[in-house]
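Heads up: the sequence shown begins at 1 in full-length UniProt numbering, then just goes up one per residue.
For every residue, glycine included, the Cβ atom is placed at its ideal position computed from N, Cα and C.
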Amino acid sequence: MYSIFHTHSKTPKYIAEGEPPLKKIVTEGDILIKKLVDNQLKTHTTLTEQLLQNKVFCSTGSFTDVTRDAKGKTELKDFQSIITNSSKDDELLTKGLNSRDIEIYKDYISLGSNFILKYKDINKEVLQQRLNQILTIIEDSNKNNCSESLERSVSRHHQEYVNSLKPQSIETKLFKFASENNSKTCRLLGPLDELPELENEFMNDIRNFSKCDLKKIRKKARSLGHKIDKLNEATTSTISKTKTSAVSRPTLWDVREKPPSSGEKVEIINKDKIYTCKQQNWYTIRDGKIVKIIDKMEKDCVTKKLTLENLKNNPRFVNYERGNPSQTLFLKNLAKSITKELLEQILKDHKVNYCSINLMNGKMKGQAFLHFQDETLAEEGLEILNGLMVDGRPIVVQFGNKK
Numbered sequence: 001m002y003s004i005f006h007t008h009s010k011t012p013k014y015i016a017e018g019e020p021p022l023k024k025i026v027t028e029g030d031i032l033i034k035k036l037v038d039n040q041l042k043t044h045t046t047l048t049e050q051l052l053q054n055k056v057f058c059s060t061g062s063f064t065d066v067t068r069d070a071k072g073k074t075e076l077k078d079f080q081s082i083i084t085n086s087s088k089d090d091e092l093l094t095k096g097l098n099s100r101d102i103e104i105y106k107d108y109i110s111l112g113s114n115f116i117l118k119y120k121d122i123n124k125e126v127l128q129q130r131l132n133q134i135l136t137i138i139e140d141s142n143k144n145n146c147s148e149s150l151e152r153s154v155s156r157h158h159q160e161y162v163n164s165l166k167p168q169s170i171e172t173k174l175f176k177f178a179s180e181n182n183s184k185t186c187r188l189l190g191p192l193d194e195l196p197e198l199e200n201e202f203m204n205d206i207r208n209f210s211k212c213d214l215k216k217i218r219k220k221a222r223s224l225g226h227k228i229d230k231l232n233e234a235t236t237s238t239i240s241k242t243k244t245s246a247v248s249r250p251t252l253w254d255v256r257e258k259p260p261s262s263g264e265k266v267e268i269i270n271k272d273k274i275y276t277c278k279q280q281n282w283y284t285i286r287d288g289k290i291v292k293i294i295d296k297m298e299k300d301c302v303t304k305k306l307t308l309e310n311l312k313n314n315p316r317f318v319n320y321e322r323g324n325p326s327q328t329l330f331l332k333n334l335a336k337s338i339t340k341e342l343l344e345q346i347l348k349d350h351k352v353n354y355c356s357i358n359l360m361n362g363k364m365k366g367q368a369f370l371h372f373q374d375e376t377l378a379e380e381g382l383e384i385l386n387g388l389m390v391d392g393r394p395i396v397v398q399f400g401n402k403k
């Protein structure tokens, strides 16, 4: 073995003159070497020979342009990171993954616990199944690469040449067995192997629970508290009724004479519900116009008028100001019973001409806008309506903004 591979091997001894030549001993190694040389020199092959040979195919990868990601001026570190990322993507593509699978795999490695939040639109079971498939594909390809690297550690010519020297020796057989068979260690599963998975599931449940909306939790707590308070009130009322009924008078099961009645008189109030018809709107014609007939009740709701000092005594209207004169009036703090017809009737009683009245609804309920022809008429309307009490609420009037 040493004389073959060592470069400083001893020179062979020459045969002296007159001695017969040594017999050529043909070994199995010589025959194998001859076959290998013939195979290397052979240039013509048949289809059957090619089909019988073991073929190993490598999946092709598309060319990725680095300048697509690196645009403009970039530093060396950034450019190196872009190249490494593109090479990793190409490697994953050759393993049989598509661009969507590569994105999921990268997010799974980088995001960690936030991976589920990013892909919350996808069903958890479907996402977990797809992720397991991606991981198995990558693991299988890594195992194949490891086996190929082990086979490439010893060159094919070196291995065949070593096996041809002493094919029947124990050392050659052991070497051949070791080179052909990859050592695969098999570890038996135990009951404690499931502990990391259980711990991860438990921690994920805790994280998901901690990220719940606090507003929803508080809302549920309030609703439960209200329910408990109602139950407590109901129980206390029933207990008080039973106590009063038990203590108010003694039992009469064995009484022969009528007990003296107490001086207290119980007043029985009969609350009868009155059923009436819906209030109808009646109209009449005045000055060639159709006008609603205002009921006496609506007229009576206008009781009195507050002065400016009395209005400012109210803490809500301490900072009241009339504003700059304009053709529009802004009314606020209106009672629910105030209608457009009532305001029209009040202005007609005082003989004040107006253009239009807009009662607001929705979020601006309780407010109104009155439009007049001039500022003088608007000022008269302000003096008439400001402080007017309707259903116990004063009307507050201000000048609107000029357009």
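Distance between Lys278 and Ala246 (C-alpha atoms, nearest Å): Mapped onto the sequence shown, residue 246 falls at position 246. Mapped onto the sequence shown, residue 278 falls at position 278. Reliability of the predicted coordinates at Ala246 is poor, the pLDDT of 46 falling under 50, and the value obtained from them is presented with this limitation in mind. One C-alpha to the other measures close to 47 Å.
Extent of the continuous alpha helix (DSSP H) run through Ala335: The sequence position of residue 335 within the sequence shown is 335, counting from 1. First-last for Ala335: undefined, no H or E at that position.
Continuous alpha helix (DSSP H) stretch holding Ser99: start and end: As a position in the sequence shown, residue 99 is number 99, starting the count at 1. Unbroken alpha helix (DSSP H) run through Ser99: 99-111.
4 or more residues per run - each alpha helix (DSSP H) lying fully within the segment 341-391: 375-385
For Pro20, three-class secondary structure by DSSP: Taking the first residue of the sequence shown as position 1, residue 20 is located at position 20. Three-state result, Pro20: coil.
Cα-Cα separation between Pro394 and Leu329, rounded to whole angstroms: Here residue 394 is taken as the residue at index 394 of the sequence shown, counted from 1. Here residue 329 is taken as the residue at index 329 of the sequence shown, counted from 1. Cα to Cα, the separation comes out at about 16 Å.
Neighbour-count burial assignment, Ile338, 16 or more Cβ in a 10 Å radius: For the purposes of this step, residue 338 is taken as residue 338 along the sequence shown, with counting starting at 1. With 16 or more Cβ atoms within 10 Å of its Cβ, Ile338 is classed as buried.
C-alpha distance - His350 paired with Leu342, whole-angstrom precision: For this step, residue 350 is matched to residue 350 along the sequence shown. For this step, residue 342 is matched to residue 342 along the sequence shown. His350 and Leu342 have their C-alpha atoms roughly 13 Å apart.
Residue nearest to Asp101 in terms of C-alpha spacing, selected from Leu117, Gln128, Gly362, Asn114: To locate residue 101, count along the sequence shown from 1; it is residue 101. Per the Cα distances, Gln128.
Beta-carbon spacing of Leu359, Lys340 below 7 Å: Against the sequence shown, residue 359 aligns to sequence position 359. Against the sequence shown, residue 340 aligns to sequence position 340. Cβ atoms of Leu359 and Lys340: closer than 7 Å.
Close-in-space but distant-in-sequence residues of the same chain around Phe79 (CB under 7 Å, 5 per side omitted): Start at 1 with the first residue of the sequence shown, and residue 79 comes out as number 79. Excluding sequence neighbours, Phe79 sits near Ala70.
Simplified DSSP state of Thr74, which is helix, strand or coil: Residue numbering aside, residue 74 sits at position 74 when the sequence shown is read from its first letter. Thr74 sits in coil when the DSSP states are folded into three classes, being neither helix nor strand.
Whole-angstrom distance between Leu382 and Leu331, CA atom to CA atom: Residue mapping note: residue 331 aligns to position 331 of the sequence shown, counting from 1. Residue mapping note: residue 382 aligns to position 382 of the sequence shown, counting from 1. Rounded to the nearest whole angstrom, the CA to CA distance from Leu331 to Leu382 is 9 Å.
Three-way DSSP call (helix, strand, coil) for residue 414 in this model: Because the chain is modelled from 1 through 403, residue 414 falls outside the range shown and cannot be assessed.
Among Gln345, Gly387, Leu51, Lys219, nearest to Arg286 - alpha-carbon criterion: Residue numbering aside, residue 286 sits at position 286 when the sequence shown is read from its first letter. Ranking Gln345, Gly387, Leu51, Lys219 by Cα distance to Arg286 puts Gln345 first.
Cβ pair Asp107, Phe115 closer than 7 Å: Residue mapping note: residue 107 aligns to position 107 of the sequence shown, counting from 1. Residue mapping note: residue 115 aligns to position 115 of the sequence shown, counting from 1. Yes.
Coil, strand or helix - Lys34 by DSSP: As a working note, residue 34 is residue 34 in the sequence shown. In this structure, Lys34 counts as helix in the three-state DSSP scheme.
Three-state class that DSSP yields for Pro191 in the structure shown: One-based indexing of the sequence shown puts residue 191 at position 191. The answer is helix: DSSP assigns Pro191 an H, G or I state.
Cα-Cα separation, Lys73 to Thr84: Counting from one through the sequence shown, the residue named residue 73 turns up at place 73. Counting from one through the sequence shown, the residue named residue 84 turns up at place 84. CA-CA distance, Lys73 to Thr84, rounds to 18 Å.
Whether Ala368 touches Gln327 by CB criterion (7 Å): On the sequence shown, position 368 is the one that residue 368 refers to. On the sequence shown, position 327 is the one that residue 327 refers to. In this structure, Gln327 does not lie closer than 7 Å to Ala368 by Cβ.
Residues that Lys305 bridges to, as DSSP identifies them: Against the sequence shown, residue 305 aligns to sequence position 305. Paired residue(s): Leu388.
Distance between beta carbons of Asn204 and Ser113, contact taken as under 8 Å: Indexing the sequence shown from 1 puts residue 113 at position 113. Indexing the sequence shown from 1 puts residue 204 at position 204. The pair is a contact, with the Cβ atoms about 7 Å apart (cut-off 8 Å).
Residues of its chain near Tyr119, where Cβ-Cβ distance is below 7 Å and the 5 sequence neighbours each way are ignored: Within the sequence shown, residue 119 is the residue found at index 119, counting from 1. Cβ within range, chain order: Leu127.
Gln40 to Asp30 span [Cα, whole Å]: On the sequence shown, position 40 is the one that residue 40 refers to. On the sequence shown, position 30 is the one that residue 30 refers to. Taking the straight line from one Cα to the other gives about 15 Å.
Alpha carbon of Glu103 to alpha carbon of Gly96, nearest angstrom: Residue 103 sits at position 103 when you count from the first residue of the sequence shown. Residue 96 sits at position 96 when you count from the first residue of the sequence shown. Whole-angstrom Cα-Cα distance: 14 Å.
Gln50, enclosing beta strand (DSSP E) - first and last residue: Here residue 50 corresponds to residue number 50 of the sequence shown, with the count starting at 1. Looking at the DSSP string, Gln50 is not in any beta strand (DSSP E); the run it does join, the alpha helix (DSSP H), is 47-52.
Selection from Lys365, Cys355, Lys363 that minimises the alpha carbon distance to His371: Within the sequence shown, residue 371 is the residue found at index 371, counting from 1. Measuring from the Cα of His371, the nearest candidate turns out to be Cys355.
Residue environment, Ile290, which counts as buried when at least 16 other CB atoms sit within 10 Å: Reading the sequence shown from its first residue, position 290 is the one you call residue 290. Label assigned to Ile290: exposed.
Close Cβ partners of Gly323 (< 6 Å) along its chain, the five nearest in sequence each way excluded: The residue labelled residue 323 in the question sits at position 323 within the sequence shown. Once the five neighbours on either side are set aside, the close Cβ partners of Gly323 are Gln398, Phe399.
Span of the beta strand (DSSP E) around Ile285: The residue labelled residue 285 in the question sits at position 285 within the sequence shown. 283-286 is the span of the beta strand (DSSP E), which, as asked, contains Ile285.
Short Cβ contact (7 Å threshold) for Lys312 with Met389: Position 312 of the sequence shown, counted from the start, is the residue given in the question as residue 312. Position 389 of the sequence shown, counted from the start, is the residue given in the question as residue 389. No; because the gap between Cβ atoms is not below 7 Å, this pair is not in contact.
DSSP three-state assignment for Phe399, whether helix, strand or coil: The residue labelled residue 399 in the question sits at position 399 within the sequence shown. The answer is strand: DSSP assigns Phe399 an E or B state.
Beta-bridge partners of Pro196, as assigned by DSSP: In the sequence shown, residue 196 corresponds to position 196, counting from 1. None, per the DSSP bridge assignment.
Cα-Cα separation, Arg222 to Asn314: In the sequence shown, residue 222 corresponds to position 222, counting from 1. In the sequence shown, residue 314 corresponds to position 314, counting from 1. Arg222 and Asn314 have their C-alpha atoms spaced approximately 36 Å apart.
Which residues DSSP lists as bridging Arg393, in chain order: As a working note, residue 393 is residue 393 in the sequence shown. Answer is Val390, bridged to Arg393.
According to DSSP, residues forming a beta bridge with Pro328: Here residue 328 refers to the residue found at position 328 of the sequence shown. It should be noted that the sequence gives Thr, not Pro, for residue 328. Thr328 pairs with His371.
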